[in-house]
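Following: one structure in structure tokens, then a few remarks.
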Amino acid sequence: MKTNRILMTLWDYFLMTVGSVIFCMAWTSFLIPNGLASGGLTGLCTIIQYGTGIPVGLTYPIINIVLLVLGFLSLGRAFGFKTIYVIAVTSLLFDILPEFPQLVVMMDEKLLVALVGAALESVGIGLVLLRGGSTGGTDIIAMLINKYWPVSPGRVYLYTDIFIITCLLFVPDKGFVDMIYAFVVMLGFSFGVDYVLLGNKSSVQILVFSSRYKEIADHMINDVQRGVTALQSVGWYSQQESKVLLIVARKYQMNEVVNEVKKIDKKAFISISTAMSVFGEGFEEVKTGLKVRKSAEIKEDDNG
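Counting the sequence shown from 1 gives a position; our numbering is that position plus 467.
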């Protein structure tokens, strides 16, 4: 069992490394040589390169290190080693890959460049996310903002991407057309990574049937940081009462949850179904059309 766990871990890091290479080549081989940009931290670093000449291989690790430090100070141990590993690998690749001009693909049709770059970027990031990693950047910003303000991560990604892409208008030799191509890359990437992850913004309901339900539930709550609901159940064949664990998670977190369950009970029966919409803390906000009032206003109303 220990050998299988080691092999699984090595497989995770191998796929994250492959994903990081594909992600970086989308930028160094297609987008940057053809003068295109997009959203996210890499897009910001690319715009800085266009405006100042400072290469992405320098600004990308520096900004990520700053964000990681802020994240550790504010969120504590919210970042796994996989995220740090991916940031380190991508930072190294952004510095090394530009040294190989034979990897550069120049195209006259910028729309084709945007689509190819977005496709490669989504595949690379998809592989990283599927194995529990992250490239940092706006992910960390979203976590920091979400801790102090009730803003969903999806909105943070959208607002930061729009802001970053709009900055192209202030770069010499760049204009409105370049901004449009950047939005094409951003949209192509969004659809592409959703496809790779089978809908990473969607959620799944995981039902766990195991005689070791208490041990699994405690592990999920204390170590994996996932909410668990225990439902009363009766095995009709055995007529024995037990509990079924209900866990709601993002689709890209599905493998992690299943692996953690199998660590405790490899014979556990697990049923997974897609949840069309999940509203509440950690997921989406309910769209009521009403503005959320500040806590002070709510207390004032409650006090009459």
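Glycine is no exception: its CB is placed at the ideal position from the N, C-alpha and C atoms.
Cβ contact check for the segment 515-527 and the segment 553-563: 3 or more pairs under 8 Å = Verdict: yes, contact present.
Buried or exposed: which applies to LEU474, given that a residue is buried once 16 or more other Cβ atoms fall within 10 Å of its Cβ?
-> Per the 10 Å Cβ criterion, exposed.
Hey, could you find the ends of the beta strand (DSSP E) GLU708 is sitting in?
-> Unbroken beta strand (DSSP E) run through GLU708: 707-717.
When you compare each of VAL638, PRO565, MET653, VAL728 to HIS686 by their alpha carbons, which one comes out closest?
-> Nearest option by C-alpha distance: VAL728.
So, do the segment 471-487 and the segment 571-579 have three or more beta carbon pairs nearer to each other than 8 Å?
-> The segment 471-487 vs the segment 571-579: no contact.
At which residue ranges does the segment 487-557 contain complete alpha helix (DSSP H) runs of 4 or more residues, listed in the order of the chain?
-> Within the segment 487-557, the runs of alpha helix (DSSP H) that reach at least 4 residues and sit entirely inside it are, in chain order, 507-519, 523-542.
N- and C-terminal bounds of the alpha helix (DSSP H) containing PHE567 | Looking at the DSSP string, PHE567 is not in any alpha helix (DSSP H), and its letter there is neither H nor E.
Three-state secondary structure assigned by DSSP to GLN672 = If DSSP states are grouped into helix, strand and coil, GLN672 belongs with the strands.
Exposure of LEU508, with buried meaning 16 or more beta-carbon neighbours within 10 Å = With 16 or more other Cβ atoms within 10 Å, it is buried.
ILE489 versus TYR624 - alpha carbon distance | About 22 Å.
With DSSP run on the structure shown, which of helix, strand or coil describes GLN720?
-> GLN720 falls in the helix class under three-state DSSP.
Using a threshold of 7 Å, state whether the C-beta atoms of VAL675 and ALA716 are closer than that.
-> No, they are not a contact pair.
Taking DSSP as the reference, what is the three-state secondary structure of ALA735?
-> It is coil, neither helix nor strand.
Report buried or exposed for GLU566, applying the criterion of at least 16 other Cβ atoms within 10 angstroms of its Cβ.
-> Within a 10 Å sphere around the beta-carbon of GLU566 sit fewer than 16 other beta-carbons, which makes this residue exposed.
Considering only the beta carbon of each residue, do VAL660 and SER589 sit closer than 7 Å?
-> Yes.
Under 7 Å between C-beta atoms of VAL583 and PHE497 | Yes; because the gap between Cβ atoms is below 7 Å, this pair is in contact.
Assuming LYS710 contacts GLN692 (C-beta within less than 8 Å), just tell me the rounded distance between them.
-> Actually they are not in contact, since the Cβ atoms of LYS710 and GLN692 sit about 21 Å apart, beyond 8 Å.
Endpoints, the beta strand (DSSP E) within which GLY702 is located | First-last of the beta strand (DSSP E) with GLY702: 696-702.
Given a cut-off of 7 Å, decide if GLY506 and ILE607 are closer than it, judged by their beta-carbon atoms.
-> No, these two residues do not count as a Cβ contact at 7 Å.
Tell me, to the nearest whole angstrom, how far the beta carbon of GLY655 is from that of ALA581; I am working on the premise that it is less than 8 Å.
-> That belief holds up - the Cβ atoms of GLY655 and ALA581 are roughly 7 Å apart, short of 8 Å.
Could you check which residue in PRO500, THR633, VAL553, LEU564 has the C-alpha nearest to that of LEU596?
-> When each option's Cα is compared against that of LEU596, the closest is VAL553.
Sheet register partners of SER740 (DSSP bridge) = The partner list for SER740 (beta bridge, DSSP) reads GLN672.
Apply the 10 Å Cβ neighbour rule to GLY486 and answer buried if 16 or more other Cβ atoms are within range, or exposed otherwise.
-> Around the beta carbon of GLY486, 16 or more other beta carbons sit within 10 angstroms, so the residue counts as buried.
Where does ASN667 sit, in a helix, a strand or coil, going by DSSP?
-> Because the pLDDT at ASN667 is just 47, under 50, the model does not fix this residue reliably, and the value given afterwards should be weighed accordingly. When DSSP states are grouped into helix, strand and coil, ASN667 belongs to the coil group.
What are the boundary residues of the alpha helix (DSSP H) that includes LEU579?
-> Per DSSP, LEU579 is one residue of the alpha helix (DSSP H) stretching across 577-597.
In the structure shown, what three-state DSSP assignment does SER601 receive?
-> If DSSP states are grouped into helix, strand and coil, SER601 belongs with coil.
Own chain, CB closer than 6 Å to CYS512, minus 5 neighbours either side, in chain order = Cβ within range, chain order: VAL523, THR526, TYR527.
Whole angstroms is fine: what's the gap from LEU534's alpha carbon to ARG622's?
-> One C-alpha to the other measures close to 19 Å.
According to DSSP, is MET573 helix, strand or coil?
-> Coil at MET573, not helix or strand.
Look at the Cβ atom of THR741, then the Cβ atom of VAL663, and state whether they are nearer than 7 Å.
-> With a cutoff of 7 Å on beta-carbon distance, THR741 and VAL663 are scored as not near each other.
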